[in-house]
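A.B. asks: Numbering (this note's numbering), first residue to last: 71 to 216. Here a beta-carbon is modelled for each residue, glycine too, at the ideal position from N, C-alpha and C. This is the structure I want to talk about, given as structure tokens.
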Ligand SMILES: Cc1cc2nc3c(=O)[nH]c(=O)nc-3n(C[C@H](O)[C@H](O)[C@H](O)COP(=O)(O)O)c2cc1C
């Protein structure tokens, strides 16, 4: 398995989740979509994650999912999002992830996120609002199915 964890973040939660997932899935390559465009040919497995604003996952990740849809349907994929309004999660997923990818993905999960008016100012608080059990569950489930 060659695993890419690709994330988009504005306030850091999705990055922290990518790092935690990377620790649970050995040999993962972790890429910030704002810094690097990955070569998908190098990977068999892809986890895509992003933060949410205005009821959508961040645009670079939405664009990536749309543009690379055909390629992604040949990979083992899963998606996560970081958001603060759990009740809207299903709508955010429907508005952000193309239907074919939603159907193909092994799992799609919200890990929680920071409150809109709050970003962590200290190292110790960088996981506040993030549901670590969900990350654990997501990783275990993903690894079981590969
Ligand atoms: C301006 C702004 C708008 C937001 N809009 C939403 C929203 O529509 N729905 C939601 O669930 N969370 C919303 N949030 C909360 C973010 O999704 C949350 O802070 C998350 O941690 C962002 O991910 P990131 O830290 O990886 O950037 C918003 C936050 C900000 C700052």
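#1: Straight-line CA distance for residue 148 to residue 207?
#2: If you measure from each CB to the nearest heavy atom of ligand 1 and keep those under 6 Å, what residues do you get, in chain order?
#3: Please report the distance separating the alpha-carbon of residue 110 from that of residue 74.
#4: Within this structure, are the beta carbons of residue 128 and residue 177 separated by less than 8 Å?
#5: Count the other CB atoms within 10 Å of the CB of residue 124; is the residue buried (16 or more) or exposed (fewer)?
#6: Quick one: grab the DSSP three-state call for residue 115.
#7: Alpha carbon to alpha carbon, how far is residue 99 from residue 195?
#8: Buried or exposed, going by whether 16 or more other CB atoms sit within 10 Å of the CB of residue 86?
#9: Out of 88, 96, 90, 77, point me to the one whose CA is closest to residue 216's CA.
#10: Indicate whether residue 189 and residue 81 have their beta-carbon atoms separated by less than 8 Å.
#11: On the DSSP letters alone, give me the boundaries of the beta strand (DSSP E) that residue 141 sits inside.
C.D. replies: The short version:
#1: 13 Å
#2: 79, 80, 81, 82, 83, 84, 121, 122, 123, 124, 125, 152, 153, 154, 155, 158, 183, 184, 186
#3: 8 Å
#4: no
#5: exposed
#6: strand
#7: 25 Å
#8: buried
#9: 96
#10: yes
#11: That residue, residue 141, is in no beta strand (DSSP E); its alpha helix (DSSP H) goes 139-142.
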